[in-house]
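Read the structure below first, then the notes.
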Amino acid sequence: MAVRPPEDRLWWKQPLHRMEVIWISIAFLWGLVMFFTMIVWHITGKQNLSNEAYRTDPQTYAAKAEAMAKAYKVREEGNTGIPVVHPPAGSDVYMFGRTWEWWPILELEKGQSYRLHLSSLDWLHGFSLQPVNINIEVHPDYDMVLTMTPTDAGEFTIVCNEFCGIGHHTMEGKIYVVDGAAGGAPAAPPATKAREE
Ligand code: CUA
Numbered sequence: 000m001a002v003r004p005p006e007d008r009l010w011w012k013q014p015l016h017r018m019e020v021i022w023i024s025i026a027f028l029w030g031l032v033m034f035f036t037m038i039v040w041h042i043t044g045k046q047n048l049s050n051e052a053y054r055t056d057p058q059t060y061a062a063k064a065e066a067m068a069k070a071y072k073v074r075e076e077g078n079t080g081i082p083v084v085h086p087p088a089g090s091d092v093y094m095f096g097r098t099w100e101w102w103p104i105l106e107l108e109k110g111q112s113y114r115l116h117l118s119s120l121d122w123l124h125g126f127s128l129q130p131v132n133i134n135i136e137v138h139p140d141y142d143m144v145l146t147m148t149p150t151d152a153g154e155f156t157i158v159c160n161e162f163c164g165i166g167h168h169t170m171e172g173k174i175y176v177v178d179g180a181a182g183g184a185p186a187a188p189p190a191t192k193a194r195e196e
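Each residue of the sequence shown is one higher than the one before, starting from 0 at the first, in numbering that gives the first Met the number 0.
What follows is the structure in structure tokens.
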């Protein structure tokens, strides 16, 4: 069967069928609804992405993250050699992505606000905070700042969700959220429960 043009060469000049007009209108109006929802949500929503960004470079940014890690390191994560850093509540905290890790591991306090800085030391990575599903693209040369207030204690994993090479699937990071300024340990399981039993 050969590919042939339609019999009627002027088919695009025929009037639209009523059903087609209706569906095109619905799709167009729905597109507008979603477009304006995006704007409204940006103003009223509570999970907006960074609207603060600065130019930086990998050396400058890494130096900031390393200075913070040196000052507030509380322990190392297992035998990975990656520092777990407990910065003061309300401070500027730095994390970077590079092939293939998120560095350092942060330990934050529940209910406190932090200015979380994100950047990449090489190329594009995707910061995806699980299980709360917050996603941010992380670019080199840009320092993106997010004001965040953890509302739940626990262990949160960061996965990379932008393909960044052979080790992409192994690129993980972590944020611990602890109750109060305890530091040094993730929120302990409730000890009282064991005593009651
Ligand atoms: Cu980093 Cu994928």
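Heads up, the beta-carbon is just placed ideally off N, CA and C, and yes, glycines get one too.
* To do: Examine the Cβ distances between the segment 74 to 85 and the segment 148 to 155 and report whether three or more of them are shorter than 8 Å.
  => Using a C-beta cut-off of 8 Å, the segment 74 to 85 makes no contact with the segment 148 to 155, since fewer than three inter-stretch Cβ pairs fall below that distance.
* Identify the residues that DSSP records as bridge partners of M170: which are they? -> Its beta-bridge partners do not exist; DSSP assigns none.
* DSSP state of S24, grouped into three classes? -> helix
* To do: Check whether the Cβ atoms of H124 and M67 sit closer than 8 Å, and answer yes or no.
  => no
* Asked: Taking the alpha-carbon positions, what's the R54 to Y141 distance?
  -> 5 Å
* Asked: Tell me the DSSP bridge mates of S118?
  -> Answer by DSSP bridge pairing, in chain order: F95.
* Can you find a heavy atom of the ligand CUA that lies under 7 Å from the Cβ of W22? -> no
* Locate the alpha helix (DSSP H) running through Q58, then write down its first and last residues. => P57 to Y71
* Out of Q58, A70, S118 and Y113, point me to the one whose CA is closest to D91's CA. => Y113
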